[in-house]
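Only one structure is covered here, and it is reproduced in the block below.
Residue numbers (UniProt numbering): 1 to 450.
Structure (structure tokens):
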């Protein structure tokens, strides 16, 4: 099956000299990455206090990035002209994982073309059709939790959101293939974190530790299953595909402006994008959600009082506050191909820009007492524009944002009713792995008798 003829590649201008960028930490990129991995929010806040705005950070394989966090400057970064502000170039390290046709790694016309193909499956009416399925999967998951014995919530949430991906996105009915993906996708996600976060370091072997080789073996095994599913789906008659509600079936029927269908490589890359952007991220948000709710009994009690269908406004505010205080993705980036001006700051061509979600969400001038978990702050309409951006902004805003919030709220209503307690009252450490901020100990719970 042939794919579109548009060339998705764009060349970035040379990166400017580090000395021409705003001040930042003098530490080598590897040590900066290690500090961020250990304390992503605290390290960003300390750099902001020391160097002001903007400041520069460096990471292995990603070069230097100029960091902005005030809502007005963030707005300029994420809404800049897409022919100058390139998110795909900034996301280039994700290419090994997601592929060259991923919505996240494309820019300009190819990006808009893929975006048009992917938007229809995420329409609001279609989202509501998934509600009962997602709720049933969540209830089945909670029913299987052990009684009186500690378990890691992050592992259970990853299993749950993977089931949503397999049913809602892939629509797989072959039991053996679904079992294979249940087994193979989690290790691939784990390997992907290392490849993305550590960049060129992951290319090297350290004795038995072969990060890149392990990743490629896992990726190839998953690719074989996805391509087999795509081939099977193409053989389904059109009238039967029309009756299916999964996203893969809709994409198989989608066509480019010239009438050509998506190629196998395109489909594979977008499926992997949906896995990486919608599986671990939602699982992490749900894990943080339960940790926060169990530490704030009044919020939990109000969530439970809302029931399975009531008080959408408060439930949505809870979800917004969770994504504010524990943003799953710490930043979004752009590479500029021409000199630009951000506020009062001149930025040379080739520079990387970072809109720091963690900093914006924790600025006391934007969110009073930012370390407090208070969903009510989203009920009074006081949050300024571009101060809440867990899904990015502009034409690059995550196309699955509505689905992610719908899934988070739907599952959280079920989890809030579970009879569980934290196995430890110690604060859960925040760690950066890959491009997500995760609970360092996985949030250990104990299910108690009702």
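We put the beta carbon where it would ideally sit given N, CA and C, even for glycine.
Residues bridged to residue i (per DSSP)
i	result
residue 488	With the chain covering 1 to 450 only, the question about residue 488 has no answer from this structure.
residue 438	431
residue 343	For residue 343, which the question treats as bridged, DSSP gives no partner whatsoever.
residue 86	335
residue 445	151, 422
residue 406	DSSP, once it has assigned bridges, lists no residue as partnering residue 406.
residue 59	63
residue 353	66, 334
residue 24	56
Supposed close pair residue i, residue j - CB separation, criterion 8 Å
i	j	result
residue 350	residue 13	4 Å
residue 182	residue 162	6 Å
residue 373	residue 296	5 Å
residue 363	residue 78	Incorrect: roughly 16 Å between the Cβ atoms, too far for contact.
residue 70	residue 53	6 Å
residue 150	residue 444	5 Å
residue 375	residue 313	The Cβ separation is near 10 Å, so there is no contact.
residue 93	residue 196	5 Å
residue 155	residue 442	7 Å
residue 129	residue 212	About 40 Å; that fails the 8 Å criterion.
residue 68	residue 356	7 Å
residue 225	residue 177	6 Å
Beta carbon of residue i nearer than 8 Å to that of residue j
i	j	result
residue 286	residue 185	no
residue 430	residue 437	yes
residue 328	residue 390	yes
residue 335	residue 352	yes
residue 215	residue 191	yes
residue 273	residue 102	yes
residue 121	residue 230	no
residue 138	residue 160	yes
residue 280	residue 99	no
residue 147	residue 447	yes
residue 23	residue 51	yes
residue 32	residue 59	yes
residue 45	residue 359	yes
residue 133	residue 167	yes
residue 171	residue 354	no
residue 270	residue 119	no
residue 87	residue 333	yes
residue 80	residue 278	no
residue 142	residue 418	yes
residue 343	residue 73	yes
residue 407	residue 291	no
residue 324	residue 388	yes
DSSP state of residue i mapped onto helix, strand, coil
i	result
residue 117	helix
residue 195	helix
residue 399	coil
residue 249	helix
residue 335	strand
residue 43	helix
residue 420	strand
residue 147	strand
residue 238	helix
residue 286	helix
residue 171	coil
residue 378	helix
residue 391	coil
residue 371	coil
residue 361	helix
residue 189	helix
residue 316	helix
residue 273	helix
residue 104	coil
Where residue i falls, given that 16 or more other Cβ within 10 Å makes a residue buried
i	result
residue 410	buried
residue 113	buried
residue 48	buried
residue 173	exposed
residue 27	exposed
residue 367	buried
residue 41	buried
residue 317	buried
residue 449	exposed
residue 384	exposed
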